[in-house]
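To start, the structure under review is shown below, and the notes come after it.
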Amino acid sequence: MSVRTRFAPSPTGFLHIGGARTALYNWLYAKRHGGQFILRVEDTDAERSTDDSMNVILDGLKWLGLEWDEGPALGGNESRGDRGPYRQSKRVDIYDRYLDRLEEAGLVYEDEGAIRFEVPDKTITVNDQVCGDVSVNLKEQGSTRFDPETKQEVPANPDIVIKRPNGGYIFHFVNVVDDIEMGITHVIRGEDHLSNTPKHLALFEAFGVEPPTFAHIPLNLNQNGSKMSKRDQGALIHEYQENGFLPDAVNNYMALLGWSGKDDQEIFSFAELQQRFDLSGINKSNSKFDYDKCLWVNGEHLKQLSPEDLATASAPFLEKAGIPTDDARVPAALELARERAQLLSEVPGVIATIFADTVEYDDAAVEKVVSRDGMADVIQALITGLEGVSDWNADVIKPAIGTAAESIGAKMGALMMPCRVAVMGAMGGADLVPVLELLGKEEVLKRLRGFSEKV
RNA sequence: GACCCGUUCGUCUAGCGGUUAGGACUCCGCCCUUUCACGGCGGCAACACGGGUUCGAGUCCCGUACGGGUCGCCA
1 MSVRTRFAPS PTGFLHIGGA RTALYNWLYA KRHGGQFILR VEDTDAERST DDSMNVILDG
61 LKWLGLEWDE GPALGGNESR GDRGPYRQSK RVDIYDRYLD RLEEAGLVYE DEGAIRFEVP
121 DKTITVNDQV CGDVSVNLKE QGSTRFDPET KQEVPANPDI VIKRPNGGYI FHFVNVVDDI
181 EMGITHVIRG EDHLSNTPKH LALFEAFGVE PPTFAHIPLN LNQNGSKMSK RDQGALIHEY
241 QENGFLPDAV NNYMALLGWS GKDDQEIFSF AELQQRFDLS GINKSNSKFD YDKCLWVNGE
301 HLKQLSPEDL ATASAPFLEK AGIPTDDARV PAALELARER AQLLSEVPGV IATIFADTVE
361 YDDAAVEKVV SRDGMADVIQ ALITGLEGVS DWNADVIKPA IGTAAESIGA KMGALMMPCR
421 VAVMGAMGGA DLVPVLELLG KEEVLKRLRG FSEKV
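Oh and the first sequence: position 281 is 281 in this note's numbering, straight run, nothing missing.
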C-alpha cells in the first residue's frame with residue numbers, strides 16, 4: 001500500500017514554524033517512500049476560518065516547496081485529488097454519514113443538545129513510532145476533569161463530544177473520519193496530540209477500520225522553554241521570506257530541530273533530506289529554537305547557491321534597495337556579497353556602495369581613519385598611484401596600491417583601510433580591490449578626492 | 001491536581017554495557033589574508049539527582065526532581 005501522509009492545519013492566518021515542521025516531516029516521509037502528501041484544511045470552526053487566513057498557510061507551504069499532491073488550490077475553491085473536498089467545512093454530508101453509522105451501532109447519545117460518542121471501558125494502547133507504547137483507559141482517565149479556576153478535580157463525562165448543539169462537528173471526530181476517507185497511512189503530528197490519540201483509536205475501532213501508523217514528534221519551544229508563540233523570533237514562516245532566508249535553508253534547520261541523520265552532517269539540500277529523512281531519526285525530547293544557528297544554516301546554503309539561483313533569490317532585495325538588477329556588475333558583486341552575508345537581506349548592504357552615486361560615510365570609521373597621522377599623504381599617494389593605472393583591473397590595482405605605499409615609505413596594509421573607508425565609507429563590506437575594479441577608475445578617484453577634503 | 005511524554009556542553013545533537021563522552025551553533029584565542037570577510041587550527045563547556053542490576057553504566061530497572069503536554073460543545 002502506498003504511503004499517504006497529510007498536513008491538517010487550522011486556518012489561523014499564520015503558518016507557524018511548528019506547523020511548517022510538521023508539514024515538512026509529513027512531506028519528506030511521503031516522498032521518501034514514494035507516496036502522496038495531502039493537504040487538508042481543518043476549518044470546522046467557521047467563525048475563525050476565512051479564505052485569506054487559509055491562503056496564508058498555502059502560500060507558506062508553497063514558498064517552502066512543500067507542494068501537495070492532493071488538497072485545496074491556492075486562492076480558490078478548486079482542488080486537486082479525488083478524495084476531496086479538502087476543506088472540512090465542505091464535508092458535512094460525509095460526517096453525517098459516519099455519524100449515522102455510529103448511531104446504528106448504538107455508540108452515540110445526546111447530551112444537552114450535543115452528541116457524544118461513548119468511549120470503551122478498556123485499555124487502549126498507542127503504538128507510537130517515536131514514543132513507544134502508550135496505554136490508557138479513557139473511562140478512567142476522563143472521569144474527572146481539572147478545573148483551572150478552582151484548581152480542583154471535578155466529575156466529568158469521559159465520552160467525547162463529536163457534534164455541537166449548533167450542528168458543527170468536533171475535531172476528534174472529523175479528524176478520524178477524514179483520515180479514513182482519505183486513506184491516510186501515517187499520521188505524523190506534534191506530541192501535543194499524543195494524549196488525544198487513544199480517543200482517535202477508539203473511533204477507528206468503532207468504524208471497524210485499521211488505524212494508521214502514528215508518530216508523535218517533539219515540540220519546538222522558544223528560548224524560554226515554553227511553547228513557541230507567534231510573537232517569538234522565528235515563529236512565523238512569512239517572516240523568513242521577508243527577512244531573506246532561503247526556503248531550503250529553513251527546511252534544513254526545521255529538519256534538524258527534532259531529527260538527526262545520525263552522522264555529523266548538518267547542511268542538507270532539499271533533495272538530500274528527501275533521501276535521508278526517516279522516522280527512526282526523530283528524537284524524543286523537545287527542542288529550543290536557536291535563531292543564530294538558523295542564520296548559520298542559511299549562510300551555508302547561500303554559499304552553495306548557483307550564480308543563477310543567487311541572482312534570482314537576491315533580486316527582490318536588490319530592487320528594494322534600489323540596485324538595478326540588470327547592471328552588468330551585479331553578478332560579480334553578488335559573488336562578493338554571498339560569502340559575508342547570512343541573509344539575502346544583508347546582500348544589498350554589502351554591495352550597495354558599488355552602485356551608489358555618493359558614499360555614505362560611517363562617522364566612526366571616518367573618525368578612526370582621519371585621526372591617524374599623515375593621512376593626507378596617504379590619500380594623496382593613493383590618488384597619485386591609482387591615477388597611473390591604465391588597465392583597470394584587480395590584478396593591476398592591487399600592486400599599484402603597494403607601489404603607492406612604497407612611495408611614502410609605508411606598508412601596503414597601512415593604505416588598505418584608509419582606502420576602504422574613503423571609497424566605501426565603512427570599515428567593513430565587500431573585498432576592497434574587486435570593489436575598486438567594479439567601481440571604475442573615474443569613480444574611485446572621485447571618491448578619493450572627495451575624501452581628501454575631510455582629512 | 002490526575003494522566004502522558006521527556007531529561008548528554010548555554011543551544012541543536014551523536015552515543016544504543018567497556019569512548020580521553022564525538023560533532024555543530026554561539027563565545028574566546030591563534031594562523032591565513034600587506035583590507036573586510038571566508039577558511040584553517042585550538043580553547044571554554046554536558047551525561048539532572050538517588051538507589052539498584054552488572055566484573056563494568058550516559059547507555060538497563062525503580063524512585064525523586066525538573067521541563068513539556070493533555071484533561072473543551074479549539075484544533
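All residues carry an ideal CB built from backbone N, CA and C; glycine is no exception. In this text the structure is predicted, and so the values were computed from the model without any measurement.
Item: Whole-angstrom distance between glycine 428 and glycine 385, CA atom to CA atom; Value: 23 Å
Item: Given valine 455 as reference, the closest of Ala404, Glu406, Ile379, Ala414 once Cα atoms are compared; Value: Ile379
Item: Threonine 44: first and last residue of the uninterrupted alpha helix (DSSP H) it sits in; Value: Looking at the DSSP string, threonine 44 is not in any alpha helix (DSSP H), and its letter there is neither H nor E.
Item: Cut-off 8 Å between Cβ atoms - residues of its own chain near glutamine 152, not counting five sequence neighbours on either side; Value: Phe146
Item: Environment of glutamate 437 [buried if 16+ CB atoms lie within 10 Å]; Value: buried
Item: Aspartate 100 to threonine 213 span [Cα, whole Å]; Value: 26 Å
Item: Residue range of the alpha helix (DSSP H) that includes serine 135; Value: First-last for serine 135: 132-137, but that is the beta strand (DSSP E), not the alpha helix (DSSP H).
Item: Bridge-paired residues (DSSP) for valine 108; Value: Phe117
Item: Cβ neighbour criterion (16 or more within 10 Å) applied to arginine 420; Value: buried
Item: Exposure label - tyrosine 109; buried when at least 16 CB within 10 Å; Value: exposed
Item: Contact under 7 Å by Cβ, leucine 382 with alanine 404; Value: yes
Item: Through-space distance from serine 452 to glycine 402, alpha-carbon basis; Value: 19 Å
Item: Whole-angstrom distance between valine 174 and phenylalanine 37, CA atom to CA atom; Value: 19 Å
Item: The region 193-204 touching the region 13-20, judged by at least three CB pairs closer than 8 Å; Value: no
Item: Nearest residue (CA-CA) to glycine 234, options Leu279, Ala311, Lys293; Value: Lys293
Item: Status (buried if at least 16 other CB within 10 Å, exposed otherwise) for asparagine 252; Value: buried
Item: Limits of the unbroken alpha helix (DSSP H) element including isoleucine 237; Value: 237-243
Item: Cutoff 7 Å; reference lysine 411; Cβ partners in own chain excluding five residues on either side; Value: Ala405
Item: Contacting residues, own chain, Cβ-Cβ under 7 Å from asparagine 298 (five flanking each side not counted); Value: Phe245, Leu246, Ala249, Gln342, Leu343
Item: Endpoints, the beta strand (DSSP E) within which aspartate 147 is located; Value: 144-147
Item: Close-in-space but distant-in-sequence residues of the same chain around alanine 315 (CB under 6 Å, 5 per side omitted); Value: Thr325
Item: Contacting residues, own chain, Cβ-Cβ under 8 Å from proline 120 (five flanking each side not counted); Value: Leu138, Lys139, Ala202, Glu205
Item: Neighbourhood of glutamate 319 by C-beta, 7 Å cutoff - its chain only, sequence neighbours within 5 removed; Value: Thr325
Item: C-beta contact flag for tyrosine 95 and glycine 71 at 7 Å; Value: no
Item: Nearest candidate by alpha-carbon position, reference glutamate 335, set Pro307, Lys446, Leu58, Ser10; Value: Pro307
Item: Boundaries (first-last residue) of the beta strand (DSSP E) holding proline 155; Value: 152-155
Item: Boundaries (first-last residue) of the beta strand (DSSP E) holding arginine 189; Value: 186-190
Item: Reduced DSSP secondary structure (H/G/I, E/B, other) of lysine 163; Value: strand
Item: Buried/exposed call for tyrosine 29, threshold 16 Cβ in 10 Å; Value: buried
Item: Simplified DSSP assignment, three categories, for glycine 71; Value: strand
Item: Residue from Ala215, Asp232, His216 with nearest C-alpha to glutamine 223; Value: Asp232
Item: Residue nearest to isoleucine 351 in terms of C-alpha spacing, selected from Pro9, Arg276, Val433; Value: Val433
Item: Inter-residue Cα distance where the pair is tyrosine 291 and glycine 374; Value: 44 Å
Item: Endpoints, the alpha helix (DSSP H) within which leucine 61 is located; Value: 51-64
Item: C-beta atoms of serine 285 and proline 218 nearer than 7 Å; Value: yes
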